[in-house]
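2 protein chains.
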Amino acid sequence: MGDMSGEEVRWLTAEEQVSWRAYLRGNRELDIALDRDLQAAGISLSEYELLSMLSEAPRGQLRMSALAELIVQSRSRVTHTAARLERRGWVVRTPAPDDGRGVLLRLTDRGRAAIETFAVIHVGSVRRHLVDVLTPEQFAALGAAMQAVRDSYAADPAMPDPAC
Amino acid sequence: MGDMSGEEVRWLTAEEQVSWRAYLRGNRELDIALDRDLQAAGISLSEYELLSMLSEAPRGQLRMSALAELIVQSRSRVTHTAARLERRGWVVRTPAPDDGRGVLLRLTDRGRAAIETFAVIHVGSVRRHLVDVLTPEQFAALGAAMQAVRDSYAADPAMPDPAC
DNA sequence: CCGCTTTAGTTGAACAGTCAACTAGCGCGG
DNA sequence: CCGCGCTAGTTGACTGTTCAACTAAAGCGG
Numbered sequence: 276m277g278d279m280s281g282e283e284v285r286w287l288t289a290e291e292q293v294s295w296r297a298y299l300r301g302n303r304e305l306d307i308a309l310d311r312d313l314q315a316a317g318i319s320l321s322e323y324e325l326l327s328m329l330s331e332a333p334r335g336q337l338r339m340s341a342l343a344e345l346i347v348q349s350r351s352r353v354t355h356t357a358a359r360l361e362r363r364g365w366v367v368r369t370p371a372p373d374d375g376r377g378v379l380l381r382l383t384d385r386g387r388a389a390i391e392t393f394a395v396i397h398v399g400s401v402r403r404h405l406v407d408v409l410t411p412e413q414f415a416a417l418g419a420a421m422q423a424v425r426d427s428y429a430a431d432p433a434m435p436d437p438a439c
Numbered sequence: 276m277g278d279m280s281g282e283e284v285r286w287l288t289a290e291e292q293v294s295w296r297a298y299l300r301g302n303r304e305l306d307i308a309l310d311r312d313l314q315a316a317g318i319s320l321s322e323y324e325l326l327s328m329l330s331e332a333p334r335g336q337l338r339m340s341a342l343a344e345l346i347v348q349s350r351s352r353v354t355h356t357a358a359r360l361e362r363r364g365w366v367v368r369t370p371a372p373d374d375g376r377g378v379l380l381r382l383t384d385r386g387r388a389a390i391e392t393f394a395v396i397h398v399g400s401v402r403r404h405l406v407d408v409l410t411p412e413q414f415a416a417l418g419a420a421m422q423a424v425r426d427s428y429a430a431d432p433a434m435p436d437p438a439c
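In the order they appear, the protein sequences are chains S and F. 276 is the number of the first residue of the first sequence in this note's numbering; add one for each residue after it. 276 is the number of the first residue of the second sequence in this note's numbering; add one for each residue after it.
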C-alpha cells in the first residue's frame, strides 16, 4: 500500500494545509447546521437521506443493500435506521419477490407525506448554508471536485490488496 | 418553520442536485476512507484531530474550550474524547493557572511520539484519497468553497433569530 | 442434488456521541 | 463584599453507530 518502505513523506504544502483544514472544518460545520435544521423538525439527516432515496425509487421501494450503497452506509446501519423508521410508520419491510434472502423497504403513504414536509425544510437549509453562500461557479466546482473523489473511491472499492 | 409564511420553495435545479449529491456522498466516502486508514493504525479521525491541534499549540497544550472550537466539536464530546486519550497516556489534564474553572490539556511525550506516527499515515491517506485525485486548481477551489461555508457559519453562530 | 462459498440481511453487545443537568469559579452591579 | 448570572467543564443517561457473529438463501462445481 502507498509508500511501502523508506519512502519520503510528502507533507502538505502550506496552501494545501489551508485548503484541507477548510474542507475538514467547513464540512463539519455544514453537517452540524444541516442536521440541526432537520432535527428541529424531528428527523436526522441520515434518516432523511434514506427516505429520500426511497421516495425517488420506482415504486417507492428499494432493496436494503441498494439503499446502503446509495446513501453510503453500512448494511447494519441501514437495518437499524430502517427499524427506527418502521417504528414510526414511515416504511415497511417486505420480502423481495425474486430473491428469498432479500428485503424490500417501501415508503408508506404516511412516510411520503412526512418526507414532503421534511424536504421543504431541508432544501431551505441546503440553500441557506451551502448553495446561497457560494457563487454558482464555486458550487459547481465543489460538486465537480467531490465527484472526482467519488470516482476514485469507486475505482478502489475497499483499498488495494496488501499484496500490491 | 423554514419558509415563514407563504413563500415558494426554491427547489434545487437539476445541476444543483447533481453537485449537492456529489458533495454529500463523496464527503461520506472520503470520511470513511480517511477514518479507515487511521483506525487501522489504532486511532479515530476525531481523536487524531484533537492530538494534532495540541501538537501545533504553543506548549503542546490548549484549553478544552479552545480545542472544542478548533476541531468543531461540542465541549462534552471533547471531554469524552480527552478522557479516552488520557487513558491511553497521550494527554494529561492540568488546571489552568489563570482561570480556576479552566482545564489545560497537554500532549505527553508518548502522545507526541504517537501522533508523529499517525501523521505520516494520515498525510498519505489525505493525499491518496483527496489531494492526488484532484488537480491543484480543483483542490484550491474546494478549499475556497468550504472556506466560504465556514465564513458564513461564523457570521451566523447559532441560527438567525426567529424574529428576522 | 450435495457440499462449499458467497451474498443478504439481522442481531446484540460494545462503543462513541448527544443532551440536559449539574458543579464550580469568574465577574459584574449595587 | 454579596448575590446573580455567565462561562468552563464534567457527568451520566440515552441514542445512534460499529463490529463480529449469526441465519438463511443463492450460486457454483462436481
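Positions of the beta carbon are idealized from the N, C-alpha and C atoms, including for glycine. The structure displayed is predicted, hence computed values, not measured ones.
Here residue 308 of chain S has 404 as same chain residues with Cβ atoms under 6 angstroms from its own Cβ, once five neighbours each way along the sequence are excluded. DSSP, reduced to helix, strand and coil, places residue 288 of chain S outside both helices and strands of the structure shown, so it counts as coil.
Residue 322 of chain S is not a Cβ neighbour of residue 288 of chain S, given a cutoff of 8 angstroms. Residue 387 of chain S sits in a helix when the DSSP states are folded into three classes. Interface residue (Cβ-Cβ distance to chain F less than 8 angstroms): residue 304 of chain S is classified as such. CA-to-CA, the gap between residue 295 of chain F and residue 338 of chain S works out to about 24 angstroms. According to DSSP, residue pairing for residue 380 of chain F in a beta bridge involves F/337 and F/368. For residue 414 of chain F, the chain S residues whose Cβ falls inside 8 angstroms of its Cβ are 291, 294 and 420, in order along the chain. A residue is called buried once 16 or more other Cβ atoms fall within 10 Å of its Cβ, and residue 365 of chain F is buried on that count. Burial is judged here by how many other beta carbons sit within 10 angstroms of a residue's own beta carbon; residue 284 of chain F has fewer than 16 and is exposed.
Separation of residue 316 of chain F and residue 410 of chain F (C-alpha to C-alpha, rounded to the nearest whole angstrom) is 28 angstroms. Within the region 370-402 of chain F, contact with chain S at the beta-carbon level (separation under 7 angstroms) is assigned to 395, 398, 399, 401 and 402.
Close to residue 405 of chain F, with beta-carbon spacing below 7 angstroms, are these residues of chain S in chain order: 424.
Contact annotation for residue 427 of chain S against chain F: 404 and 408 [CB-CB distance below 8 angstroms, chain order]. For residue 418 of chain S, the enclosing alpha helix (DSSP H) covers residues 411-430. Distance from the CA of residue 334 of chain F to the CA of residue 396 of chain F, rounded to the nearest whole angstrom, comes to 24 angstroms.
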